[in-house]
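First up is the structure itself, then whatever we jot down about it.
Protein chains in written order, with our numbering: chain A, 88 to 532; chain B, 6 to 484.
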């Protein structure tokens, strides 16, 4: 880390040097390490020091962006010149109104020293716990242990200034036998909260339980979706339609639905960058403080997230959900939460006469964005439930299913929210028990 | 760059590394996005950095930095060796790279027109022209076009004596038209989906696409799709895929399963493994006699074309499937040595801050003898699908389900009814086993979004493909 003062000197120099009508400088510095294991041994192990300076200039309604990973002042002035040249070549964009005005901002300091100072030996030790646990049961472990710190700042010529630090730690593992597998992941700001032994036990138990799966015909089943599976669906739901851009382009499942019931009344989904249970970030890539936005409120389509560009089109204010400029993808909720209920997974299981237990999904993709239909496979532990008990593992199944249908057919909601996700995007979600989840195909394992 | 590379290697060796390599990379990127007559994005990126990979104690370590100075070179080389020793704390066997590789040479992408010498005004003008053509069609809600140009200068050096310099240039572009009505959104892309088609080539590659000339057609099709009937569901029929969807089919159900690191479990926790276990090498029937696939890193213009991979192994053309029989994996030095083979040169890293992984080069389905017109005329009953929209496949690469942007019924040897939301599904070897015709109009399609590895890496790969016919395919899963 180089500190707030040095970064502010750098951004001030660039903004002072700029002759643009408006100038924005985003600085990100990262130190990260990732230790990867497979076949119960570390096979890839990396560390990285990187930076990025992103300069956006505005000439009237013409915008140019240039970036560099150099922190050299003279080099960055040349980057600014490049952004200016890029802006001059363009026709005006009538939809652009302005870079954001300053708002009261405060630091989150979601940075843990233990995570920041994590060594390759620390990560190897955590990986070793998982590998040894798997080997002890005659299984094979794969996975990764990841730690990183980010120092980030946004300044613009209108007076916006934001600076914060952030750390993240993640462990994930797939533990395998010859015929089955299990999964676990842990995410936290704190490296010491990863609990490799507990994660290993979870994945090992699942791997042992999922040996020798049997065929099950596709069809509609009452399904218990564990938190990993729910989180994956939520990420895709947000990608498909919870941004202002998707609504403005008429391609969101929220279009025409605001104020209407689109999910079970027990389901609320919101974004909150300040909630420490998630992967917190205090402001977005335009320096706008993150607002809590409840997109689905008690099952009713309520709101979407904005950056300054999409907000300007509607005469609204940004909700603090901008991605790095230039951003043709629009704003995005990155700190998702779903309301919890009052059931344990054991209670949900006991209530099922015949159905399926799904640990997680693999390779999910959008089939129909306006109907919020996804397809994907189950993975790392899929089980048949009969008379309130797990009967045994079944071979993985393909689903083709609308997410809003799932959220409308909720039988029970888990009483515990778990943080799932990766790469700066997180969701705190419960397990769900849903009726009529539609499986459309099978595979051979 | 050369001095910094030598310094890293000398220090790694002095610290006890049994092998080390270093890559020093400078990369320039230019991205332009135009949407509905406005310039949505012009981004110019310059970055540089270096990464040191070291073997010590029989295990790998890698460290990288964006600061190119002697002090940082010393820190990073030392750190790479330290990380390798940490890896050795959780080890099953020592890494064996096989015989030394000593490559000395250089390579540059052949160009007719340097894309970085073409003005931004000209590039924006080209996209705005195509954008205008799309928006001329009533009912188009979003018209979008993009261009991307990348120049990568990279140096590779190893303690075995390799020293390779390469300059790789990529040019890519594409357009999309989106039409929307209540409850339905339909998109058409040209010449491929995923935002663009891309190759190792100059600006001539962009001009050759004729984006403005093809804009009106895709805009009209997007609007027509809004009122087209849903593709029939739960139908078993003959399926003809256009060249771009065939390329996607090759990518997902052939390109990934043949990666030997996946087969050996090295990607198990993320991308998955492969059904193509080692016992299948040389004997497994992957497809019908019509199916022959090569991995060719030498084909001119392919997005997976280069001079040397990121272990310094020269680019190669390798048979993968010969008349339906599986004969070779994609390999690295480490994985090839386990099979008693030499690497076939597929290790590539997504930049200076990533380790090389086994990546597809240009995985090409060899062309057949049919013309497209003859193939349609020869098909009594079936569906023709064009341009990928949705893709999903299981973690051993067996069960897949793909959707396309547009489809047509085939009846009595002619294209008929237009369909929307077409999907098909299958199991990899059975599907390729049902292939009974490959056309001869063949092109290498660039796939610029192939994800793999942790930390995540995006590879740019190519697929030679032509229109291809499959029998008895399960079509339609939407209701």
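Virtual Cβ for every residue (Gly too), placed ideally from N, Cα, C.
Being a predicted model, the structure only gives us computed values, none of them experimental.
Residue i, buried or exposed, once every other Cβ within 10 Å from all chains shown has been counted against 16
| i | result |
| --- | --- |
| residue 469(A) | buried |
| residue 122(B) | exposed |
| residue 215(A) | buried |
| residue 99(A) | exposed |
| residue 499(A) | buried |
| residue 282(B) | exposed |
| residue 534(A) | Residue 534(A) is absent from the model: chain A starts at 88 and stops at 532. |
| residue 392(B) | buried |
| residue 285(A) | exposed |
| residue 299(A) | exposed |
| residue 126(B) | exposed |
| residue 156(B) | buried |
| residue 197(B) | buried |
| residue 113(B) | exposed |
| residue 89(A) | exposed |
| residue 191(A) | exposed |
| residue 294(B) | exposed |
| residue 417(B) | exposed |
| residue 124(B) | exposed |
DSSP-derived helix/strand/coil call for residue i
| i | result |
| --- | --- |
| residue 148(A) | coil |
| residue 323(A) | helix |
| residue 219(B) | helix |
| residue 489(A) | strand |
| residue 454(A) | strand |
| residue 103(A) | helix |
| residue 434(B) | helix |
| residue 419(A) | coil |
| residue 130(B) | helix |
| residue 468(B) | strand |
| residue 358(A) | strand |
| residue 292(B) | coil |
| residue 396(A) | helix |
| residue 247(B) | coil |
| residue 115(B) | coil |
| residue 485(B) | The structure shown does not extend to residue 485(B), since chain B spans only 6 to 484, so no value can be given for it. |
| residue 403(B) | coil |
| residue 441(B) | strand |
| residue 293(A) | helix |
| residue 353(A) | coil |
| residue 275(B) | coil |
| residue 378(A) | coil |
| residue 328(A) | helix |
| residue 80(B) | helix |
| residue 342(B) | helix |
DSSP bridge partner residues for residue i (one or two, in chain order)
| i | result |
| --- | --- |
| residue 501(A) | 430(A) |
| residue 464(A) | 449(A), 485(A) |
| residue 411(B) | 391(B) |
| residue 479(B) | 241(B), 430(B) |
| residue 271(A) | 260(A) |
| residue 455(B) | 464(B) |
| residue 525(A) | 307(A) |
| residue 339(A) | Its beta-bridge partners do not exist; DSSP assigns none. |
Fill in: Segments assigned beta strand (DSSP E), at least 3 residues, entirely inside the region 23-60 of chain B
24-40
Worksheet entry | alpha helix (DSSP H) segments (min. 4 residues) lying fully within the region 192-254 of chain A | 200-203, 207-223
Discussion item. Quick check: the region 420-435 of chain A against the region 346-365 of chain A, are at least 3 beta-carbon pairs closer than 8 Å?
Written reply: yes
Practice prompt. Check whether the region 179-195 of chain B touches the region 283-299 of chain B, taking contact to mean three or more Cβ pairs, one atom from each stretch, closer than 8 Å.
Written response: no
Fill in: Length at least 4, wholly inside the region 166-245 of chain B: the alpha helix (DSSP H) runs in chain order
209-214, 216-232
Practice prompt. Mind the definition here: the region 26-38 of chain B touches the region 510-520 of chain A only if three or more C-beta pairs lie below 8 Å; say whether that holds.
Written response: no
Discussion item. For the pair the region 261-275 of chain A and the region 289-299 of chain A, tell me if three or more CB-CB distances fall below 8 Å.
Written reply: yes
Worksheet item: Counting pairs of Cβ atoms below 8 Å between the region 373-393 of chain B and the region 46-59 of chain B, do you hit three or more?
Response: no
Worksheet item: Is the region 355-374 of chain A touching the region 443-461 of chain A, taking contact as three or more C-beta pairs under 8 Å?
Response: no
Discussion item. Below 8 Å, how does it come out for the region 463-474 of chain B and the region 213-230 of chain B: are there three or more Cβ pairs, yes or no?
Written reply: no
Worksheet entry | At least 3 beta-carbon pairs within less than 8 Å: the region 252-261 of chain B vs the region 432-449 of chain B | yes
Practice prompt. For the region 366-378 of chain B and the region 480-492 of chain A, state whether three or more C-beta atom pairs, one from each stretch, are separated by less than 8 Å.
Written response: no
Item to complete: Specify whether the region 196-207 of chain A and the region 247-259 of chain A touch according to this definition: at least 3 beta carbon pairs, one from each stretch, less than 8 Å apart.
Response: yes
Practice prompt. Report yes or no: do the region 438-447 of chain B and the region 199-213 of chain B share at least 3 C-beta pairs separated by less than 8 Å?
Written response: no
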